[in-house]
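Chains as they are written, first to last, in this note's numbering: chain A, 596 to 1252; chain B, 52 to 223; chain C, 9 to 299.
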């Protein structure tokens, strides 16, 4: 061990590290440490010349181990391990010492930071002689892909992959794909009709032979690893045979239960218990709502749907079915929920008539909606004045702290639609800041100014129906400070639209757990890197796209869906993939066969060999989480790259400084 | 002031002013008070009638999206006004506050009759006439006892205040 | 059921009917109230204007006495006292500086307080401890047909909101429903400010605010407004003539402490509830309650 020659490379990272840590001092100190043959520092180690330093030292100085003191290993460990390999060194003989995220960025005092950098680096120098060369494990890749969520993101990703000739399973929880976009009337800022641009994609997805549509289905379990996932999908009983049903709608007409709030119209209209969610649904098949159907809830019914259905597609005995699908990659595109404005009681949502959520207004302004596209109050009259309240539940410590990005623009779109339908109607936009950041967005804002919309800079304080003057009597009144005037105004209106933010789906945490990644503090799915890997997750082979990651508009969603498809394709287009060799192994000589690790392994990667009476690790299934290592009473399972003696050496190294 | 640094993240959205029941009578609404505070123009708002019109209804505080305790901020500004004698000319609240506190220091409790009487004598001769009808009704129904109640531990109030005075002096 | 009881200064003068009716009501419900020994003024809003710490310290003297006197929760009737005392606990918990200073001031007068005495609004006690079912069972004269406008007032649930919502409180609505009243559940002014202390310093402004509340109650056809705070009750009841003069209105709406009306429903003699002390005659309400 004494003959190991370690190369130490301290990165300045511009001023990110060097602005706080005295890199010269750290380098000088490192050069004096045992086994260190070369110690250097460089402005940007991740640059080509920086990487070349390592390669050169391997060749010219015969370096046998290397440590790069720079950023987090999640950022550049692959970069430097590749450089080591290019130089002829086994990549697992190179370690990273994180003196940026763990040190310079989080330490106020420069001297303290320099001292800490030495400890962090010292730990790695001390453990390096114990590192052993490891070889990547090559595993086969299943060429199929699963896309979870059938909104515009999921549809787009599925179509792209199918185009590349890959088999795609498109899983959608609702009876039809389409997601939120299918509910919209127009889209900003170009005002093309949402249906006109979405339904061709929906129907293409329905017809595409490479896409197997699993609508009205949910993922229940995901097992396996990159290139080799096994996914369990529960196909919920539709009580209609999907191959026999023609989507004619006669069952819907015959159904006696007619007062079910229609989800697609946000409850503003009613549907039958046997229903097709909307005319352009894909698949265009009926579904019988088991919570409302008289037969399925155990009540008496003459079952007129059975007689009405020509092909005899209705099957009350249908049961949920669980299937297992094997895929190489998964794209999760489960979308968002509109933030429910009910808790914001001062706006009287759900209490006063004609106080609408934004999605309710989308339906009211939509030609296929409950009013046939006529903007009407509950009493059937067109409003004479409408107030659109921005930032409902957004940018607010009490609810959602973030900005949802799309609300300013959809609020402007609403104002335009109202002016288009009802030119005489007064429209007020009560906003804090107008955020029109996208292509053509600022121009759209200008256009709305020209359309004589009243822009009031101020967040509405409350909505009431108590009138204080004849013009207010019997109407809604919005109380708001016009901050540009410094005057509190009372706006008498007939309709109030609450521009709610986009929220993570209420079950986002559970879904993220199912797929093995996390959520950000705001509840949206966490990407691997916010800038450079916005569609990857911490789990290799699982990608995210669309509003499940963060609120975004349709152009950004579509772009991200394409990126996720490309990421998945780059994986499944290869016959094999290398997985990390830092997995655990069990020495059969030492294992007593107590079974403890078998039950604890979260990835079912340990099996018990009855013949030999010992536990064995299934190489391809192990993810290197270390649970078995910690659990074994005799300390038998060991994880390569994280052996006990390596960890202890790190601790000693850190404490020795 | 606990959590006073929150005013740094005020977005000037105006929810406070829009929610304030008395903002229309104020020289500056609560939003403008925060703006002035941040612009280093505190004296301007302290001298205004604004802070003395705050009724402590806490509407602004519970609605503020930035979590600013605006009602507490108003108290803070009242304190500054009293401390540095930066009082608006036509506001009678500071006097009322002073009398209230004298009352509590003296008796341990607030004696409403004494408070009102002193206030009327000092600040508003017309008040007895405006509110005469009510006063008589309250008096005859026994709702205005003339003698104050005193607590046994009334000197504790002054002692605690003195202790806090000393603490404050130590800090400065 | 036993509570320590903090009546507050108003209970000794303008709000004495609140105190009297509270004691009668709680006795009828079998709840024992033990008056806090030698309690002092909570400091109200005025004290905050001198020094926040003074205000917390004098409020904490009451809490220290309460902690020493017994393990029962401290029950408070006045909204402002309730908020001041509860806020003291909250700030002592949230701010180490406040806790340290307040405890220092208490020590200077030989008292100790750890910041944990539960402060409870009387409505919280009635709804959550006594329980609406138990109260409903004891009703002797249901308030059938009486249109009650429940006026909560600002500091009932703001800023802390520990037992009811800060924007749309419901406890008083549920309470009077349990007594059989025809509660005006959509009384939109139920949380609007009555002007508070401003009635003495800026009467024009305060009268305007009272007008809004009275108008809202009258528009809904209220037979009576019930209040949970002595200052609110005083403003809404006592200044109706001033509102009428300023706005040309003819308000003559009975205003009662909620404990008074509840006492009537439980069959307590109006005299024991000090109903004769109300400025606007409550005779129409008394007459309308079915026997």
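All C-beta atoms in this analysis are idealised placements derived from N, C-alpha and C, irrespective of residue type, glycine included.
Because the structure is a prediction, the values reported are computed rather than measured.
Status (buried if at least 16 other CB within 10 Å, exposed otherwise) for residue i
i, result
"residue 1044 of chain A", "exposed"
"residue 217 of chain B", "exposed"
"residue 1247 of chain A", "exposed"
"residue 99 of chain B", "buried"
"residue 28 of chain C", "buried"
"residue 15 of chain C", "buried"
"residue 289 of chain C", "exposed"
"residue 892 of chain A", "exposed"
"residue 234 of chain C", "buried"
"residue 598 of chain A", "exposed"
"residue 929 of chain A", "buried"
"residue 596 of chain A", "With a pLDDT of 48 at residue 596 of chain A, under the threshold of 50, the modelled position of that residue is not reliable, and the figure given next carries that caveat. So residue 596 of chain A counts as exposed."
"residue 66 of chain B", "buried"
"residue 163 of chain C", "buried"
"residue 905 of chain A", "exposed"
Proximal residues of chain A, C-beta to C-beta of residue i below 8 angstroms
i, result
"residue 173 of chain C", "940"
"residue 196 of chain C", "1059, 1060 and 1061"
Residue nearest to residue i in terms of C-alpha spacing, selected from the options
i, options, result
"residue 757 of chain A", "A/717, A/786, A/805 and A/784", "A/805"
"residue 105 of chain C", "B/219, B/63 and B/190", "B/219"
"residue 7 of chain C", "B/58, B/103 and B/122", "The structure shown does not extend to residue 7 of chain C, since chain C is modelled only from 9 through 299, so no value can be given for it."
"residue 64 of chain C", "C/287, C/89 and C/268", "C/89"
"residue 873 of chain A", "A/774, A/904 and A/907", "A/774"
"residue 30 of chain C", "C/86, C/54 and C/62", "C/86"
"residue 212 of chain B", "C/202, C/169, C/173 and C/111", "C/111"
"residue 878 of chain A", "A/1160, A/809, A/1079 and A/1224", "A/809"
"residue 736 of chain A", "A/1231, A/1239 and A/1166", "A/1166"
"residue 259 of chain C", "C/10, C/266, C/220 and C/277", "C/220"
"residue 206 of chain C", "C/217, C/23 and C/291", "C/217"
"residue 1295 of chain A", "A/780, A/628, A/802 and A/784", "This structure cannot speak to residue 1295 of chain A, because chain A is shown only from 596 to 1252."
"residue 119 of chain B", "B/54, B/172, B/83 and B/65", "B/54"
"residue 1082 of chain A", "B/144, B/107, B/73 and B/61", "B/73"
Per-residue contacts from residue i into chain A (C-beta, under 7 angstroms)
i, result
"residue 112 of chain B", "What residue 112 of chain B touches in chain A: nothing, since even the nearest Cβ is about 11 angstroms away."
"residue 176 of chain C", "940"
"residue 29 of chain C", "By Cβ distance, chain A contributes nothing, its closest Cβ being about 30 angstroms from residue 29 of chain C, past 7 angstroms."
Contact set between residue i and chain B, taken where Cβ atoms lie within less than 7 angstroms
i, result
"residue 113 of chain C", "211, 214 and 215"
"residue 200 of chain C", "72"
"residue 991 of chain A", "116"
Cβ-Cβ separation, residue j to residue i (assumed contact under 8 angstroms), whole Å
i, j, result
"residue 154 of chain C", "residue 232 of chain C", "7 angstroms"
"residue 1188 of chain A", "residue 1216 of chain A", "Actually they are not in contact, since the Cβ atoms of residue 1188 of chain A and residue 1216 of chain A sit about 20 angstroms apart, beyond 8 angstroms."
"residue 63 of chain B", "residue 86 of chain B", "6 angstroms"
"residue 318 of chain C", "residue 147 of chain C", "This structure does not reach residue 318 of chain C, given that chain C is present from 9 up to 299, and the question cannot be answered."
"residue 984 of chain A", "residue 1091 of chain A", "6 angstroms"
"residue 1000 of chain A", "residue 1146 of chain A", "5 angstroms"
"residue 285 of chain C", "residue 192 of chain B", "4 angstroms"
"residue 790 of chain A", "residue 839 of chain A", "Not really, about 28 angstroms apart at Cβ, beyond 8 angstroms."
"residue 678 of chain A", "residue 658 of chain A", "In fact, because the Cβ distance is near 12 angstroms, the residues do not count as touching under 8 angstroms."
Contacts of residue i in chain D (Cβ-Cβ under 7 angstroms)
i, result
"residue 68 of chain B", "Looking for chain D here will not work: the only protein chains present are A, B and C."
Neighbour list for residue i in chain C, Cβ cutoff strictly below 8 angstroms
i, result
"residue 147 of chain B", "54, 205, 208 and 209"
Proximal residues of chain B, C-beta to C-beta of residue i below 8 angstroms
i, result
"residue 22 of chain C", "163, 189, 194 and 195"
Start-end ranges of the alpha helix (DSSP H) lying completely within the stretch 1108 to 1194 of chain A, minimum 4 residues: The stretch 1108 to 1194 of chain A is shown to contain whole alpha helix (DSSP H) runs of 4 or more residues at 1149 to 1167, in chain order.
Worksheet entry | Continuous alpha helix (DSSP H) assignments of at least 4 residues falling wholly in the stretch 609 to 693 of chain A | 618 to 626, 643 to 656 and 668 to 681
Complete beta strand (DSSP E) runs within the stretch 761 to 818 of chain A (minimum length 3 residues, chain order)
763 to 766 and 806 to 809
Practice prompt. Only counting runs of 3 or more residues, tell me where the beta strand (DSSP E) segments fall wholly within the stretch 915 to 956 of chain A, in order along the chain.
Written response: Runs of the beta strand (DSSP E) inside the stretch 915 to 956 of chain A: 916 to 922, 924 to 927, 931 to 933 and 950 to 952.
Worksheet item: For the stretch 76 to 119 of chain C, which segments carrying the beta strand (DSSP E) assignment without a break, of at least 3 residues, lie completely within its bounds, in sequence order?
Response: 82 to 84
Could you name each continuous alpha helix (DSSP H) segment of 4 residues or more that falls completely within the stretch 135 to 190 of chain C, going from the start of the chain to the end? Complete alpha helix (DSSP H) runs here, min 4: 140 to 145 and 179 to 186.
| Which runs of the alpha helix (DSSP H), 4 residues or longer, sit entirely within the stretch 974 to 1029 of chain A? | 1002 to 1016
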